[in-house]
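Q:
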Amino acid sequence: MKVLVVGSGGREHALCWSIAKSAKLSKLYCAPGNAGIKDVAECVNVGAEDVDGVVAFAKDNAIDLVVVGPEAPLVLGMVDKLEEAGIKAFGPSAAASVLEGSKGFMKDMCAKAGVPTAGYGRFTDADKAKDFIRENGAPIVVKTDGLAAGKGVIICESVEEAFKAVDDMMGEKIFGDAGNEIVIEDFLRGEECSFFALVDGERALPLAAAQDHKAAYDGDKGPNTGGMGAYSPTPIASPEICDKIMETAITPLIKTMAAEGCPYKGVLFCGLMVENGVPTVLEYNIRFGDPECQVLMMRWKSDVLEALEAAAEGRLDDISLEWHDETAMVVVMAAEGYPGSYEKGTEIKNLADANGVENAFVFHAGTKAEGDKVLATGGRVLGVTGRGQSVKQAQATTYQAVDAIDWPKGFCRRDIGWRAVERENS
Numbered sequence: 001m002k003v004l005v006v007g008s009g010g011r012e013h014a015l016c017w018s019i020a021k022s023a024k025l026s027k028l029y030c031a032p033g034n035a036g037i038k039d040v041a042e043c044v045n046v047g048a049e050d051v052d053g054v055v056a057f058a059k060d061n062a063i064d065l066v067v068v069g070p071e072a073p074l075v076l077g078m079v080d081k082l083e084e085a086g087i088k089a090f091g092p093s094a095a096a097s098v099l100e101g102s103k104g105f106m107k108d109m110c111a112k113a114g115v116p117t118a119g120y121g122r123f124t125d126a127d128k129a130k131d132f133i134r135e136n137g138a139p140i141v142v143k144t145d146g147l148a149a150g151k152g153v154i155i156c157e158s159v160e161e162a163f164k165a166v167d168d169m170m171g172e173k174i175f176g177d178a179g180n181e182i183v184i185e186d187f188l189r190g191e192e193c194s195f196f197a198l199v200d201g202e203r204a205l206p207l208a209a210a211q212d213h214k215a216a217y218d219g220d221k222g223p224n225t226g227g228m229g230a231y232s233p234t235p236i237a238s239p240e241i242c243d244k245i246m247e248t249a250i251t252p253l254i255k256t257m258a259a260e261g262c263p264y265k266g267v268l269f270c271g272l273m274v275e276n277g278v279p280t281v282l283e284y285n286i287r288f289g290d291p292e293c294q295v296l297m298m299r300w301k302s303d304v305l306e307a308l309e310a311a312a313e314g315r316l317d318d319i320s321l322e323w324h325d326e327t328a329m330v331v332v333m334a335a336e337g338y339p340g341s342y343e344k345g346t347e348i349k350n351l352a353d354a355n356g357v358e359n360a361f362v363f364h365a366g367t368k369a370e371g372d373k374v375l376a377t378g379g380r381v382l383g384v385t386g387r388g389q390s391v392k393q394a395q396a397t398t399y400q401a402v403d404a405i406d407w408p409k410g411f412c413r414r415d416i417g418w419r420a421v422e423r424e425n426s
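If you count by UniProt numbering, then the sequence shown holds residues 1 to 426, one letter each, in order.
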């Protein structure tokens, strides 16, 4: 098969790295790719959101399957356009992608499907939003309705903080048009986990759970980011809880989406809060998480391409999955200053030494190659990933690889997996 992966981040590097191992693969392309992806795929100069450019490339090169990585091209209808051109694609349609494109739509869909989720309100008027906040009190969560690169969620400890979040989103437009409508939700307590399933329109096949670390600094301090690290499996998502997530959060949603005329295909990412063994849905995303994709691919033992193709073709019944038993962990190395402003173009050295650490691999997220040099181009730049028999061992392997990298302008959290390590030590 000739395969095209769309995207340029750590998620897409992990997908390319896994797909490259498939016995079914004859040629792998990535649009646009990055400095790490070029080692496993041919990078092509087509932007991830250039729908027409991707369709044209796929037609000209007789691509058998397009795997769309990021959410933005999915929301723009890339899968619809590819399928109209007779090209098979992995990912949801534009209609189904509204599940992530609009948090309000997502909450309404949860209500229709009977999925357990936080109480909420949808607002296009700032004064009405503030009335809702006054009535409900704090802590409370204010979210942009639209896509904001994983940053449009503000957890507010006081009513005043929530008012400011409303003004920032709707008045100051700090997230652009994504804040034209906002969603305000009850604050959920517990521990967060991410759960993934492959979906073929009618059926869902569970993948695995992971735990992401959103805050920028150790001890879960600092501003929210797109994710500073993750590990899988996570002790809070026991087999019983994973079964409960499938039963209450995945299967009812898939049935409701189909009944509403927007059947879902691709990977479904469910973000949940687990308290006292009860999972409650925070959000759905329409793609593999980043950085969770890196740890899922590190653990995935069977043929990834075979499974993605089966989901795209509506035949997940044919597929059974195998996983490595070990824990996988990813630590994100970000540019100093992220998630605020940061310098671009700084050089990263000794990546080969990091990849030389046994059971470790460095996925590139925001990099470009310039001659023999690798330069940082984004905020989250590398996803250093390792595997081990325990969370503690995976952590030791991953940080050994982190410490091999020479990048003075980068930083990372030093405590990824801390909750699970504490459990192992107790």
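Heads up, the beta-carbon is just placed ideally off N, CA and C, and yes, glycines get one too.
Quick caveat, the model's predicted, so the values are computed rather than measured.
(1) Between which two residues does the beta strand (DSSP E) holding C270 run?
(2) Buried or exposed: where does E160 fall if 16 or more other Cβ atoms within 10 Å of its Cβ makes it buried?
(3) Quickly, what does DSSP pair D406 with across the bridge? List them, please.
(4) From W17 to E424, what does the alpha carbon distance come to, in whole angstroms?
(5) Can we say the segment 315-333 touches the segment 191-205, given the rule of at least three CB pairs closer than 8 Å?
(6) I'd like the list of long-range same chain contacts for V331, defined as Cβ closer than 6 Å, with 5 residues on each side in sequence excluded.
(7) Check whether the segment 39-46 touches the segment 10-25, counting contact only when three or more Cβ pairs, one atom from each stretch, lie closer than 8 Å.
(8) Determine the direct distance from the alpha carbon of D290 to that of N355, and round the result to whole angstroms.
(9) Classify C63 as helix, strand or coil using the three-state DSSP reduction.
(10) Buried or exposed: where does V362 fall if 16 or more other Cβ atoms within 10 Å of its Cβ makes it buried?
(11) Does the Cβ of Q395 have 16 or more other Cβ atoms within 10 Å, making it buried, or fewer, making it exposed?
(12) Quick check on I182: does DSSP put it in helix, strand or coil?
(13) Unbroken beta strand (DSSP E) runs of length 3 or more, entirely within the segment 76-149: which are they?
(14) Between the Cα of A237 and those of L4, P279 and Y120, spot the shortest distance and give me the residue it belongs to.
(15) Closer than 6 Å by C-beta to F288: which residues in its own chain qualify, once you throw out the five before and the five after it? Chain order, please.
(16) Between the Cα of Y342 and the Cα atoms of E322, G366, E326 and L351, which residue gives the shortest distance?
(17) May I have the straight-line CA-CA distance separating A138 from I155, to the nearest angstrom?
(18) On a Cα-Cα basis, can you pick out the residue from T377, G176 and E283 that is closest to G104?
(19) Candidates R134, S232 and R419: which alpha carbon is nearest R299's?
(20) For Q294, count neighbouring Cβ atoms within 10 angstroms of its own Cβ and tell me buried if that reaches 16, exposed if not.
(21) When the Cα atoms are used, what is the spatial distance from C110 to L253?
(22) Along the chain, where does the alpha helix (DSSP H) that runs through K164 open and close?
(23) Taking buried to mean at least 16 other C-beta atoms within 10 Å of its own C-beta, is A62 buried or exposed?
(24) Taking the continuous beta strand (DSSP E) assigned at K27, which residues delimit it?
(25) In this structure, does DSSP put V13 in helix, strand or coil?
(26) Within its chain, find whatever has a CB closer than 8 Å to the CB of M297; leave out the 5 residues flanking it on each side and keep chain order.
(27) Does the distance from the C-beta atom of E309 to that of L82 stay below 9 Å?
(28) Find the nearest neighbour of A149 within the set P263, A258 and V75, judged by alpha-carbon distance.
(29) Give me the Cα-Cα distance between A312 and A89, rounded to the nearest whole angstrom.
(30) Which residues does DSSP pair with P206 in a beta bridge?
(31) Grab the span of the beta strand (DSSP E) containing P291 for me, first residue to last.
(32) Can you list, in chain order, the residues of its chain with a C-beta nearer than 6 Å to that of G9? Leave out the 5 residues immediately preceding and following it.
(33) To the nearest angstrom, how far is the alpha carbon of T124 from that of G271?
(34) Measure how close the beta-carbons of G379 and P339 come, nearest whole angstrom, since I'm counting them as under 8 Å.
(35) Does the distance from the C-beta atom of residue 432 to that of K27 stay below 9 Å?
A: Working from what's here:
(1) K265 to E275
(2) exposed
(3) The partner list for D406 (beta bridge, DSSP) reads K349.
(4) 30 Å
(5) Yes, the segment 315-333 touches the segment 191-205.
(6) G229, V384, T398, V402, C412 and I416
(7) yes
(8) 20 Å
(9) Reading off the sequence, residue 63 comes out as Ile, not Cys. I63 falls in the coil class under three-state DSSP.
(10) buried
(11) buried
(12) In the structure shown, I182 sits in a strand (DSSP, three-state: E or B).
(13) 120-123 and 140-144
(14) For the residues L4, P279 and Y120, the minimum Cα distance to A237 belongs to P279.
(15) R11 and V267
(16) G366
(17) Roughly 9 Å between the two C-alpha positions.
(18) Closest by alpha carbon: E283.
(19) S232
(20) buried
(21) 7 Å
(22) V159 to V166
(23) exposed
(24) Segment K27 to P32, the beta strand (DSSP E) holding K27.
(25) It should be noted that the sequence gives His, not Val, for residue 13. Here H13 sits in helix by DSSP.
(26) Once the five neighbours on either side are set aside, the close Cβ partners of M297 are A14, L15, W17, S18 and V304.
(27) no
(28) With distances taken between Cα atoms, A149 lies closest to V75.
(29) 6 Å
(30) A197
(31) Run containing P291: none; DSSP gives neither H nor E here.
(32) D290 and A365
(33) 25 Å
(34) 6 Å
(35) Because the chain here runs from 1 to 426, residue 432 falls outside it and cannot be looked at.
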